[in-house]
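Heads up, the numbering used here is the position in the sequence shown plus 167, with the first residue counted as 1. Note sheet for the following structure.
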Amino acid sequence: MGPEVERPEESGIAGASAQREYEARRSRRRERVRGRLGNVLGDVVLAVTNEPQSTRAWAQGAAGEAKLAVALVGVPNVMVLHDRRVPKTRGNIDHLLIAPAGIFVVDAKNYRGRIELRNLGFFKADKHLFVGRRDCSKLAENM
């Protein structure tokens with residue numbers, strides 16, 4: 168068993184950035200629809216139509232990040248910081264794990280399929296990270 172990891176006073180709220188983005192998109196859509204159709208008809212249209220998938224994805228992402236945070240609570244000797252801003256960018260780090268073995272950046276995604284490292288090069292190595300049929304190499308490169 169390694170040394171205890173000190174806990175910060177403010178570890179952050181998992182999924183907070185994604186939840187804010189969802190709420191902002193939802194609010195913009197509401198204002199746009201109500202602006203075009205009026206409040207009453209606009210509210211009816213909003214009640215009987217689905218939000219765009221691009222908006223729902225932010226809510227789903229926030230829920231997934233929160234679910235992962237719950238699972239990370241019980242990991243011994245690991246301090247977890249959630250939803251950390253990346254300076255000078257619009258991006259964030261979903262979860263930052265600080266442990267005796269090192270610091271780990273976790274970007275929560277909900278992909279299904281086998282995880283593989285494939286060599287797509289012919290004459291020289293050109294390794295790509297796949298989850299199922301999805302090439303996720305850019306996700307790793309951007310970290």
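Don't be surprised by glycine CBs; every beta carbon is placed ideally from N, CA and C.
If residue i and residue j are in contact, beta carbons under 8 Å, what's the gap, nearest whole angstrom?
i: GLY182; j: ASP250; result: 7 Å
i: GLU218; j: ARG193; result: 7 Å
i: TYR278; j: VAL253; result: Not really, about 22 Å apart at Cβ, beyond 8 Å.
i: VAL200; j: VAL215; result: About 11 Å separates the two Cβ atoms, so there is no contact after all.
Pick out whichever of the options has its Cα sitting closest to the Cα of residue i.
i: GLU163; options: VAL247, PHE289, GLN220; result: With the chain represented from 168 up to 310, any question about residue 163 goes unanswered, as that position is not in the structure.
i: GLU177; options: ARG187, ARG199, LEU263, GLU283; result: LEU263
i: ALA226; options: PRO243, ALA191, GLU198; result: ALA191
i: ASN244; options: ASN286, PRO267, LEU204; result: PRO267
i: LEU239; options: ILE265, ALA224, ARG285, GLU188; result: ILE265
i: GLU283; options: HIS295, LYS291, PHE290, GLY202; result: HIS295
i: LEU287; options: LEU204, SER304, ASP261; result: SER304
i: ARG281; options: PHE271, PHE290, ARG300, LYS291; result: ARG300
i: GLN186; options: GLY228, ASP261, VAL237, LYS291; result: GLY228
i: GLU188; options: ASN259, ASN206, GLY269; result: ASN259
i: ALA224; options: PHE290, SER184, LYS291, PHE271; result: SER184
Going by other Cβ atoms of all chains shown within 10 Å of its Cβ, with 16 needed for buried, is residue i buried or exposed?
i: GLN220; result: exposed
i: ASP302; result: exposed
i: ALA307; result: exposed
i: GLY241; result: exposed
i: GLY179; result: buried
i: ALA236; result: buried
Residue ranges of each alpha helix (DSSP H) within the stretch 190-226, 4 or longer: Runs of the alpha helix (DSSP H) inside the stretch 190-226: 206-215.
The stretch 228-242 in contact with the stretch 265-279 per 3-pair CB rule at 8 Å: yes
Length at least 4, wholly inside the stretch 256-310: the alpha helix (DSSP H) runs in chain order: 304-308
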